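Colleague: In terms of UniProt numbering, the sequence shown has 21 at position 21, counting the first letter as 1, and numbering is strictly consecutive.
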Amino acid sequence: MKRILKTLPIILLLIAVTSCSSVRVAADYDKDANFNSYKTFAFFKTGIDKAEISDLDKRRILRAIETDLLAKGFTKSQNPDMLVSIFTKSRERINVYDNGFGPYGYGWGWNPWYWNNYRTVSSSTEGTLYIDLIDANKKELVWQGMGTGYLTKSMNKKEERIKEFVSKIMEKYPPQAQ
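Right, here's the structure in full:
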């Protein structure tokens with residue numbers, strides 16, 4: 001029984017960490033837009049400059065978007081049909097796990113598990129990446145994809161995580177008729 005009580009917080013923490021590795025995505029689009037007419041793209045520098053992330057991360061995101069659009073058959077152009085912009089949000093999340101086996105968590109009187117009070121505190125950063133596709137002629141937003149997930153602090157895995165965000169978001173483009 002004591003072994004289970006000692007390993008339970010570790011197991012729950014592992015489940016919480018591994019379940020947070022995915023990217024949750026959503027997309028919205030202009031139902032009147034003709035997505036078949038978009039063949040070329042360029043990045044909308046004015047919008048991208050407003051994103052509050054490092055220049056290195058901006059370049060990583062833009063390279064991932066460019067790779068994805070080229071794979072979908074688009075061509076990068078000086079006179080594009082579509083402009084691509086991004087913006088980001090992030091927030092710090094503090095997670096506290098308390099098993100409740102403390103001096104006051106098990107009822108009245110003496111508590112045999114008094115010294116087995118497990119409290120785990122961890123922090124993580126949850127980020128949201130928005131990718132906007134703008135009709136270059138009309139200067140109107142025609143598609144927006146959003147991905148939310150936990151960010152990695154590991155410099156080795158940062159580019160991999162950014163690619164995952166972008167590819168999951170861009171899976172929603174072009175929108176399927178409903």
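Just so you know, even glycine gets a beta-carbon here, dropped at the ideal spot from N, CA and C.
Every value quoted in this text rests on a predicted model; they were computed, and no experiment measured them.
1. If you follow the alpha helix (DSSP H) that LEU69 is part of, which residue opens it and which one closes it?
2. Going by CA-CA distance only, name the one from VAL96, LYS39, ILE169 that's closest to SER122.
3. Would you call PHE165 buried or exposed, if buried means 16 or more other Cβ atoms sit within 10 Å of its Cβ?
4. Mind checking whether LYS72 and THR128 have CB atoms under 8 Å apart?
5. Kindly indicate which residue of SER85, GLU140, TYR38 has the alpha-carbon position closest to the one of LYS50.
6. What separation, rounded to the nearest whole angstrom, lies between the Cα atoms of GLN144 and ILE61?
7. Since GLU66 and LYS76 are thought to touch, with beta carbons under 8 Å apart, how far apart are those beta carbons, to the nearest angstrom?
Modeller: Inspection of the coordinates gives the following:
1. 55-71
2. VAL96
3. buried
4. no
5. SER85
6. 15 Å
7. That pair is a contact at about 7 Å.
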